[in-house]
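Protein chains in written order, with the numbering used here: chain A, 47 to 315; chain B, 34 to 261; chain C, 37 to 286. The beta-carbon is built from N, C-alpha and C at its ideal position, and this holds for glycine as well. The structure presented is a predicted model; accordingly, all values stated were derived computationally and were not measured. These notes are about the structure you will find just below.
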Amino acid sequence: MMKKNHVVESITKERMVQLLASGKRLDGRALDQPRNLNIETGVIPKANGSARVTLGNTLVLAGVKIATGIPFPDTPDKGILMVNAEILPMSSPYAEAGPPSEDAIELARVTDRGIRESEMVDMTKLGLIPGKSVIAVFVDCNIMNVDGNLFDATSYAVVSALRTAKMNRYVVKDDKAVATDELIPVPVERTPVSVTIARIGDKLVVDPNSEEEASMDMRITITTDDYGNICASQKGEASTISPEQVLQAADTSISVGKAIRAKILEATS
Amino acid sequence: MPMIQRKQVIPGDVVAKGNYRYGSYIEKRGEEYVALRVGLAEVGRDEIKLNPFTGPYLPRTDDEVIGKVIDINGFGWVIDINSCFDGFLPASFVFGRDFSPATHDLSSKFRVGDILGTRIESYERSRDPQLSIRGEGYGKISSGEIVKISPTKVPRVIGRRGTMINLISEKTGCDIRVGQNGVIVVDGSPDGIVKAIKAIRLVEEETHAPDLMSKVEAALGGGVVGGN
Amino acid sequence: MAGTKKLIDENGIRLDGRKWNELRPIKLQVGVMKNADGSAYIEWGKNKIMAAVYGPKEVHPKHQVLPDRALLRCRYHMAPFSVDERKNPAPSRREIEISKVIREALVSAVIVEDYPRTAIEVWVEVLQSDGGSRVAGITAASLALADAGINMRDLVVGCSCGLIGEQVVSDLDDTEDKEGNGDMPVAIMPNLGLVSLLQVDGVYTRENFQKAFELAIEKGKQIYQMQREALTTRFFGGEAQSTEVEEAAE
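Okay, here's the thing in structure tokens:
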């Protein structure tokens, strides 16, 4: 099928490139400036935790569900964490119903990697009976409106939902895990922040909107933790990046990520 | 002076009863005339009209539309005209009757992403709209900023005999092209473009406000003196 | 029928404090999504549902094209976090059936003949579910269609009624739906006075069947007034007005 969204008007792209040369963007942002981020938590009371995140016009809803499960054989005493994302057909004229697209699967996996590798959740605290029973945390994301940079919006929604999630405390009785009525937070240790950077012409821009994504030839997502460590990354699109630009992007992610982390902490504390 | 009744209606509302001539977006059920869209109905002495507030652009022959090239095949350009059907501009309309895919390079004329002012040459329910760029002012639009509005608001943005669009154009020094499909290209100085787009958005927001013309004039005039 | 006593007490008051013929709180909002051509959001009891419409648009794959009318597509889908136990995101048989009956409930209102060879897509996403999510979805979807400016004969509005024991009740919530004795979702086109969705489960006497059915229609008309309000608020900033003006004044 034809994807009209992949065609930016030539006159728009020309102006975009002209402006970028003087350090500006079509929507008035600086090159390293993300769009307005808005986080609302607790929006789905039936979920253990939830967050509605808007990044510009991109809208993501994340919900956490917690249950007990059987641990993986190689990690018998660690809990299970699964992040999943669906790009809803309502999210844009180009999205389609049906099994998850390649893009949706990449999105879910990149988001999952950032959360997992940063050790945001202390999985050892989610073990119940070694080899038999552990706590399983599912985070599902509904992408409801697409205007570029799903990676970051989804990641912020997952982090915010997990930070505010509550689960039953479990006790082990007669070799069985039993839920008590006591609600406790999910053992969150860190706040990973994903920052996505697009290259248009030879310029790097933070948090591309859909117009910019349609004009970019390369995209890189870098996730950093509270200590300025880099814990996950994904380069995307069919083009290359120079080693210098990788390092430049890393520095940008660390500095931009710091400001965003402060916002997430404020909205979820 | 004959009076007309203006009614805000939603689908299913009875606009009037009796015997009237009636236009689009109205269905006759027995004695009743029923609205099919959200909009403003006008009941005159013997005629009912409904001005819809929202709805898609459906192609009509001879409409001027502004479109975007989204694909090129061997025989012409596929143009997104902000409608349920893509328009097609045949290469023979551009290169002439001796067009041959072997000798003519279509992308030397228009590339994917180019914005074109076009006219709907023909459109039937059973065939996709065919576009033409014959005539003065049609063809590639090489600069300006694109604004999209609801196609149902196009008549108001143009105004009676072009009064609204002329006002905005004069006050901002911008060249403004309005496609019936709701796509508008505004070209001029950076400040002029910003003001013109604001004015267009104002018309879009307050389409049916009384005395819209003076509102727009005030908004545009105010910008110059720096007041309200 | 052990649960019956708990669901409704001797004074006819239900678990959440409602009388037999009362509705849960309903909140409707039209035009809430940026990309969609039309959209509406509904909160009905604990239901939180988003409906969005795209179209008319080109039909893909092409072989599904209808030469004389629009193809109405509809998907009712539940978010994995919308229910107590996490739901697998892949569409279940229940969701596929509900998608079909919602489509059939809406298609009689849409003038599909006005949009030949096109597709009109209706996406209903349940973000949090409670009893009556299909009728809530229909109620929101019909507003999203009107918001998109698709020609419609009438709006479509739904309400579910049912049985607790032998008592007919309106608008079952989740617990009443699961533990009660019958559920009857009904959708109507209120101005045309026609029924476009009817499903029944449970065992009804002839009398109770009629009572529940007529109650669903009555309640539907009540919800229709809320639909009107949501739509006129979006487009006219308040109630629909009627004025007289001189012909010359535009």
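Give the straight-line distance between the Cα atoms of residue i and residue j, rounded to the nearest whole angstrom.
| i | j | result |
| --- | --- | --- |
| Ser196 of chain C | Gly216 of chain C | 13 Å |
| Val158 of chain C | Asn187 of chain C | 15 Å |
| Leu69 of chain B | Gln65 of chain C | 20 Å |
| Ala88 of chain C | Ser137 of chain A | 9 Å |
| Asn103 of chain A | Val180 of chain B | 17 Å |
| Lys55 of chain C | Lys98 of chain C | 52 Å |
| Thr226 of chain A | Ile181 of chain A | 13 Å |
| Gly274 of chain C | Pro233 of chain A | 48 Å |
| Val218 of chain A | Ser179 of chain A | 10 Å |
| Lys249 of chain A | Ile224 of chain C | 56 Å |
| Val258 of chain B | Arg71 of chain A | Low local confidence applies: a pLDDT of 34 at Val258 of chain B is under 50, so the model's placement there is unreliable, with the coordinate-based value given in what follows. C-alpha separation (whole angstroms): 28 Å. |
| Gly260 of chain B | Arg193 of chain B | Its pLDDT being 31, under 50, Gly260 of chain B is placed unreliably in this model, and the value from its coordinates should be taken loosely. Distance between the alpha carbons of Gly260 of chain B and Arg193 of chain B is about 28 Å. |
Which residues bound the alpha helix (DSSP H) around residue i?
| i | result |
| --- | --- |
| Thr175 of chain C | Ser169 to Ala184 |
| Glu258 of chain A | Ser256 to Ser261 |
| Ala296 of chain A | Pro289 to Thr314 |
| Val148 of chain C | Counting along the chain, Val148 of chain C falls outside any alpha helix (DSSP H), and DSSP gives it neither H nor E. |
| Thr286 of chain A | Thr286 of chain A -> no alpha helix (DSSP H), and no H or E assigned at all. |
| Leu153 of chain A | Glu148 to Glu163 |
| Ile174 of chain B | Note, Ile174 of chain B: premise wrong, no alpha helix (DSSP H); beta strand (DSSP E) at Gly172 to Ile174. |
| Leu64 of chain C | Premise fails: Leu64 of chain C lies in the beta strand (DSSP E), Ile62 to Val66, not in any alpha helix (DSSP H). |
Determine which residues share a DSSP beta bridge with residue i and list them.
| i | result |
| --- | --- |
| Thr269 of chain C | Thr269 of chain C pairs with nothing; no bridge assigned. |
| Val102 of chain B | B:Ile112 |
| Phe184 of chain A | A:Lys111 and A:Met128 |
| Arg152 of chain B | B:Glu97 and B:Ser165 |
| Arg98 of chain A | A:Glu86 and A:Leu107 |
| Asp219 of chain C | C:Gly198 and C:Asp237 |
| Pro123 of chain B | B:Gly109 |
| Ala87 of chain C | C:Ala76 and C:Val160 |
| Arg210 of chain B | B:Val218 |
Does residue i come out as helix, strand or coil in the three-state DSSP assignment?
| i | result |
| --- | --- |
| His113 of chain C | strand |
| Ile268 of chain A | strand |
| Ile43 of chain B | coil |
| Lys55 of chain C | coil |
| Gln79 of chain A | coil |
| Tyr273 of chain A | coil |
| Leu69 of chain B | coil |
| Thr241 of chain C | coil |
| Asp220 of chain B | strand |
| Thr211 of chain C | helix |
| Gln263 of chain C | helix |
| Tyr58 of chain B | coil |
| Val232 of chain A | coil |
| Asn199 of chain B | helix |
| Arg50 of chain C | strand |
| Arg194 of chain B | helix |
| Thr226 of chain A | strand |
Kindly indicate the opening and closing residues of the beta strand (DSSP E) around residue i.
| i | result |
| --- | --- |
| Ser138 of chain A | From DSSP, Ser138 of chain A is part of no beta strand (DSSP E); its letter is neither H nor E. |
| Gln203 of chain C | Gln203 to Ser206 |
| Arg245 of chain A | Val239 to Ile246 |
| Tyr77 of chain C | Gly74 to Trp80 |
| Glu80 of chain B | Glu80 to Pro85 |
| Thr279 of chain C | Ser278 to Glu282 |
| Glu178 of chain B | Glu178 to Lys181 |
Given residue i, which residues of its chain have a CB within under 8 Å of its CB, disregarding the five upstream and five downstream residues?
| i | result |
| --- | --- |
| Ser206 of chain A | Ile85, Thr87, Ala97, Val99, Ala108, Ile310, Ala313 and Thr314 |
| Ala143 of chain A | Pro135 |
| Gly69 of chain A | Ala76 and Leu77 |
| Glu140 of chain C | Ser232 and Leu233 |
| Glu55 of chain A | none |
Excluding sequence positions up to five away, which residues of its chain have a Cβ less than 6 Å from the Cβ of residue i?
| i | result |
| --- | --- |
| Val183 of chain A | Ile112 and Leu127 |
| Gly109 of chain B | Phe121, Leu122, Pro123 and Ala124 |
| Lys63 of chain C | Glu79 |
| Ala248 of chain C | Cys197, Val204 and Met220 |
| Ile182 of chain B | Gly215 and Glu237 |
| Ser201 of chain A | Thr157, Gly160 and Ser240 |
Excluding sequence positions up to five away, which residues of its chain have a Cβ less than 7 Å from the Cβ of residue i?
| i | result |
| --- | --- |
| Ala154 of chain A | Val129, Asn130 and Ala131 |
| Gln38 of chain B | Val76 |
| Ala295 of chain A | Ile243, Leu250, Ile266 and Ile268 |
| Ser118 of chain C | Val162, Leu163, Gln164 and Ser165 |
| Ile175 of chain A | Val218, Asp221 and Ala223 |
| Glu286 of chain C | Any reading at Glu286 of chain C must be qualified, since the residue scores a pLDDT of 43, below 50, and its modelled position is unreliable; the value itself is stated next. The answer is none, since no qualifying residue turns up. |
Taking C-beta pairs closer than 9 Å, name the residues in chain F that residue i reaches, listed in chain order.
| i | result |
| --- | --- |
| Ile148 of chain B | Checking the listed chains, one finds no chain F in this structure; the protein chains it contains are A, B and C. |
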